[in-house]
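Residues 10 to 168, numbered by my numbering, are exactly what the sequence shown covers, in order.
Built from N, CA and C at the ideal position, the CB exists for glycine as well.
Report on the structure given below.
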Amino acid sequence: MTTKTQRKVEAHNIAARQASRLDRRRGPRATARSELPIAPAEIIPEQPTPARPALEAVPLRAYVAREHVRRDIGSWIQVLDLEVPGAPASAPPVLQDQDGTAMPFLVQCLTHGARKYFTAYSSAVRAAKASHHWCESCKKDVIAFHKLHSRATGRSAHK
Ligand SMILES: [Zn+2]
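Below you can see the structure in the form of C-alpha cells.
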C-alpha cells in the first residue's frame, strides 16, 4: 500500500496523462468501479447536517428595553435593562430583593421620577403599563382622570 506522499511523488514524476487521472480521482465521480485506485484516506465521509444554531433567549437587548406612554394620564414610563452589555456608566446599580435575587430591570416614571426594581422583564413591562400602582403621582392623576371622565360622561361610577 502506497502512502499519500509516495503517490504525490509519483504523480509529480509521471506526465500529463497521470495528472489528468489525478484530477479525475479528486472529482466527485470517482467510484469503486473506475480504474483509479481509491485510497481510503481520500474518501470524504458524508458530513452530518450541521445543527441549526440556537437562537439566543433574548435576541435584542437594549438599555432602554421598553418605553410606554400612558394614554390616559400622559405619563412616560421606561423599562431599563441595567445588565445589558454596553449599559451607560450612569446606569443605576442592580439591587437585590429580600432573598438576594438580582433585580436587573428598573421601571421608572419619567414624568414623576418614581422607580421600582424587578427581577423579571415581563413583570417590569406589566408594571410599566400600571404605573399608578407604584408611582404616587400617577395614582393621583389616574384618580383625577377618572373623576373628570365620569363627570364628562354624566356617570357617577366613582364617588
Ligand atoms: Zn408617574
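Worksheet item: Under 9 Å, do Leu89 and Ala111 count as touching if we go by C-beta distance?
Response: By the CB criterion at 9 Å, Leu89 and Ala111 fall outside the cutoff.
| message | Following a CB-centred definition, is Ser132 positioned closer than 8 Å to any heavy atom of ligand 1? | response | Result no, Cβ not under 8 Å from ligand 1.
I'd like to check one pair, Ala161 with Glu145: are the Cβ atoms closer than 9 Å?
Not in contact: Glu145 and Ala161 (Cβ atoms no closer than 9 Å).
| message | On the DSSP bridge list, what partners appear for Leu115? | response | Answer is Leu89 and Tyr126, bridged to Leu115.
Using 8 Å for Cβ pairs, my map puts Ala129 next to Val116. What's the rounded Cβ distance? Taking 8 Å as the upper bound for CB-CB distance, Ala129 and Val116 are not in contact here, some 11 Å apart.
Our contact map puts Thr120 next to Trp143 with C-beta atoms below 8 Å; I'd like the distance itself, whole angstroms only.
In fact, because the Cβ distance is near 13 Å, the residues do not count as touching under 8 Å.
- Residues near ligand 1, CB to any non-hydrogen atom under 6 Å, in chain order? Matched residues: Ser84, Cys118, Thr120, His121, Ala123, Ser140, Cys144, Ser146 and Cys147.
The alpha helix (DSSP H) spanning His155 covers which residue range? According to the DSSP assignment, His155 belongs to the alpha helix (DSSP H) that extends over Glu145 to Thr162.
Exercise. So what's Lys168 in DSSP terms, helix, strand or just coil?
Worked result: Caution is warranted here: a pLDDT of 46 is assigned to Lys168, below 50, making its placement in the model unreliable, and no coordinate value can be reported.
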